[in-house]
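Asker: Can you read through this structure? Questions will come right after.
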Amino acid sequence: MNTNTKQDIEFAKTPSIELLEYISFKDEFPAEAQKAFVEFCYRFEKDLKRKSEIYCNKYGYSEVVALEITNCTFSRVWKYPTFKKEKSKSKDLDKGIFIWMCRILYTQLIKYGELNTCAEPTKEEDLSLVNDADELLDRFDAPDVEAKREVRAKLLTIEKALTQLSEKHKVIYFTYRAYQKEGKKVPRTITKLLREKLGLTQKSVNTYYGDAHRHVTNYLNIMNGQA
Numbered sequence: 348m349n350t351n352t353k354q355d356i357e358f359a360k361t362p363s364i365e366l367l368e369y370i371s372f373k374d375e376f377p378a379e380a381q382k383a384f385v386e387f388c389y390r391f392e393k394d395l396k397r398k399s400e401i402y403c404n405k406y407g408y409s410e411v412v413a414l415e416i417t418n419c420t421f422s423r424v425w426k427y428p429t430f431k432k433e434k435s436k437s438k439d440l441d442k443g444i445f446i447w448m449c450r451i452l453y454t455q456l457i458k459y460g461e462l463n464t465c466a467e468p469t470k471e472e473d474l475s476l477v478n479d480a481d482e483l484l485d486r487f488d489a490p491d492v493e494a495k496r497e498v499r500a501k502l503l504t505i506e507k508a509l510t511q512l513s514e515k516h517k518v519i520y521f522t523y524r525a526y527q528k529e530g531k532k533v534p535r536t537i538t539k540l541l542r543e544k545l546g547l548t549q550k551s552v553n554t555y556y557g558d559a560h561r562h563v564t565n566y567l568n569i570m571n572g573q574a
């Protein structure tokens, strides 16, 4: 990323991943960040608005709401341009960024239904399903490399246990582990996302999680010689 403010930057020719980098430095380089954001919005607005209209039509919302949800999504990107290219499942980074924004868009849509307005974005709230041990590991704040290695080893053991169950069991278990806070329930946005993505009722989601939790507990007890 070019941070030389004396040199004009051709944002129209700048890769989208670099535009996000400029946006992330909005405190240090506010003018450049704003220009990068304008170009970023111009680049993705048409496709994102079309996706928003598709989602909104499914939930019975108007084109006006679709536009507002689109703007909500861009507002979140401005605040938290947290796309990680190493996590993208698409080799085309622009496509990967678009998929990342579609997840944000969906979250904003669900929250719009609850609040009737844009959800105030928080950095901790990058709401998406967690599919495996490595994705769950990314959500842990390990103090050092050794601690992270130990956590990863434990999570991989759990993932091995879950291979004896279905893919739905695994996704639900890891997602619950990611979002469950002590003394609190999993956010309704996440349980709704699980229901819709996996085609299950909430009762079935709860059953899948209970089965997975018991299976993992029994597996670990056997591994530790307690059974």
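This note's numbering numbers the first residue of the sequence shown as 348 and each following residue consecutively.
Even for Gly, the Cβ is constructed at its ideal location relative to N, Cα and C.
Check whether the stretch 389-396 and the stretch 444-452 touch, using three or more Cβ-Cβ pairs below 8 Å as the test.
Answerer: yes
Asker: Could you check which residue in Glu410, His516, Gln455, Asn568 has the C-alpha nearest to that of Asn583?
Answerer: Since the first residue of the chain shown is 348 and the last is 574, residue 583 is not available in this structure.
Asker: Roughly how many whole angstroms lie between the Cα atoms of His562 and Val412?
Answerer: Taking the sequence shown and counting its residues from 1, one reaches residue 562 at position 215. Taking the sequence shown and counting its residues from 1, one reaches residue 412 at position 65. Taking the straight line from one Cα to the other gives about 44 Å.
Asker: Taking the straight line between their C-alpha atoms, what separation do you get for Glu415 and Ser363?
Answerer: Here residue 415 refers to the residue found at position 68 of the sequence shown. Here residue 363 refers to the residue found at position 16 of the sequence shown. Going by the C-alpha atoms only, they are around 23 Å apart.
Asker: Using C-beta distances below 7 Å, list every residue in its chain close to Phe384, excluding the 5 sequence neighbours before and after it, in chain order.
Answerer: In the sequence shown, counting from the first residue as 1, residue 384 sits at position 37. In its chain, beyond the 5 residues on either side, Ile370, Trp425 have a beta carbon closer than 7 Å to the beta carbon of Phe384.
Asker: Answer with buried or exposed for Glu386, where buried requires no fewer than 16 other C-beta atoms within 10 angstroms of its C-beta.
Answerer: Reading the sequence shown from its first residue, position 39 is the one you call residue 386. With a 10 Å radius around the Cβ and a threshold of 16 neighbouring Cβ atoms, Glu386 comes out buried.
Asker: Look at the alpha carbon of Thr454 and the alpha carbon of Ile356, and state the distance between them as a whole number of angstroms.
Answerer: Looking up residue 454 in the sequence shown gives position 107. Looking up residue 356 in the sequence shown gives position 9. Straight across, the Cα-Cα distance linking Thr454 with Ile356 is about 33 Å.
Asker: Taking all protein chains shown into account, decide if Arg423 is buried (16 or more other Cβ within 10 angstroms of its Cβ) or exposed.
Answerer: For the purposes of this step, residue 423 is taken as residue 76 along the sequence shown, with counting starting at 1. The residue in question, Arg423, is buried, as its Cβ has 16 or more Cβ neighbours within 10 Å.
Asker: In whole angstroms, what separates the C-alpha of Leu503 from that of Met570?
Answerer: Here residue 503 refers to the residue found at position 156 of the sequence shown. Here residue 570 refers to the residue found at position 223 of the sequence shown. Computed Cα separation, rounded: 13 Å.
Asker: Rank Tyr427, Leu483, Pro377, Tyr459 by C-alpha distance to the C-alpha of Tyr402 and give the top, closest one.
Answerer: Taking the first residue of the sequence shown as 1, we reach residue 402 at position 55. The shortest C-alpha separation from Tyr402 is found at Tyr459.
Asker: CA-CA distance, Leu509 and His560?
Answerer: To locate residue 509, count along the sequence shown from 1; it is residue 162. To locate residue 560, count along the sequence shown from 1; it is residue 213. Each residue's Cα considered, the two are about 9 Å apart.
Asker: Considering Leu512, what are the terminal residues of the alpha helix (DSSP H) in which it resides?
Answerer: Counting from one through the sequence shown, the residue named residue 512 turns up at place 165. Looking at the DSSP string, Leu512 is not in any alpha helix (DSSP H), and its letter there is neither H nor E.
Asker: Candidates Leu452, Gly407, Lys431: which alpha carbon is nearest Leu540's?
Answerer: Along the sequence shown, read from residue 1 onward, the residue named residue 540 stands at position 193. The residue with the shortest Cα to Cα distance from Leu540 is Leu452.
Asker: Leu600 lies in the alpha helix (DSSP H); which residues open and close that run?
Answerer: In this structure the chain extends from 348 to 574, so residue 600 is not present and cannot be described.
Asker: Mind checking whether Phe421 and Cys449 have CB atoms under 8 Å apart?
Answerer: By 1-based counting over the sequence shown, the position of residue 421 is 74. By 1-based counting over the sequence shown, the position of residue 449 is 102. Cβ distance not < 8 Å, so Phe421 and Cys449 don't count as in contact.
Asker: Less than 6 Å between C-beta atoms, sequence neighbours within five positions excluded: which residues of the same chain meet that for Ser409?
Answerer: Within the sequence shown, residue 409 is the residue found at index 62, counting from 1. Excluding positions up to five away in sequence, the list is empty.
Asker: Helix, strand or coil for Asp355? Go by DSSP, reduced to three states.
Answerer: The residue labelled residue 355 in the question sits at position 8 within the sequence shown. In the structure shown, Asp355 sits in coil (DSSP, three-state: anything other than H, G, I, E or B).
Asker: Tell me which residue opens and which closes the alpha helix (DSSP H) that Arg542 is part of.
Answerer: As a working note, residue 542 is residue 195 in the sequence shown. Counting along the chain, the alpha helix (DSSP H) containing Arg542 begins and ends at 535-545.
Asker: Could you name the residues of the same chain whose beta carbon sits closer than 7 Å to that of Ser435, not counting the 5 residues immediately before and after it, in chain order?
Answerer: Indexing the sequence shown from 1 puts residue 435 at position 88. Same-chain partners within the cutoff: Gly443.
Asker: Just to check my reading of the structure: Val498 and Leu512 have Cβ atoms closer than 8 Å, yes? What is that Cβ distance to the nearest angstrom?
Answerer: Position 151 of the sequence shown, counting from 1, holds the residue named residue 498. Position 165 of the sequence shown, counting from 1, holds the residue named residue 512. No, Val498 and Leu512 are not in contact; Cβ-Cβ is about 22 Å, not under 8 Å.
Asker: Run through DSSP, which three-state label would Arg499 get?
Answerer: Within the sequence shown, the letter at position 152 stands for residue 499. Residue state, collapsed to three classes: helix.
Asker: How many angstroms separate the CA atom of Asn568 from the CA atom of Ile505?
Answerer: Here the question's residue 568 lines up with position 221 in the sequence shown. Here the question's residue 505 lines up with position 158 in the sequence shown. When rounded, the distance between both Cα atoms is 12 Å.
Asker: Can you tell me whether Arg524 is buried or exposed, with buried defined as 16 or more other CB within 10 angstroms of its CB?
Answerer: For the purposes of this step, residue 524 is taken as residue 177 along the sequence shown, with counting starting at 1. The residue in question, Arg524, is buried, as its Cβ has 16 or more Cβ neighbours within 10 Å.
Asker: Could you tell me the alpha carbon to alpha carbon distance between Ala378 and Cys419, rounded to whole angstroms?
Answerer: Walking along the sequence shown from the start, residue 378 turns up at place 31. Walking along the sequence shown from the start, residue 419 turns up at place 72. In a straight line, the C-alpha of Ala378 is about 22 Å away from that of Cys419.
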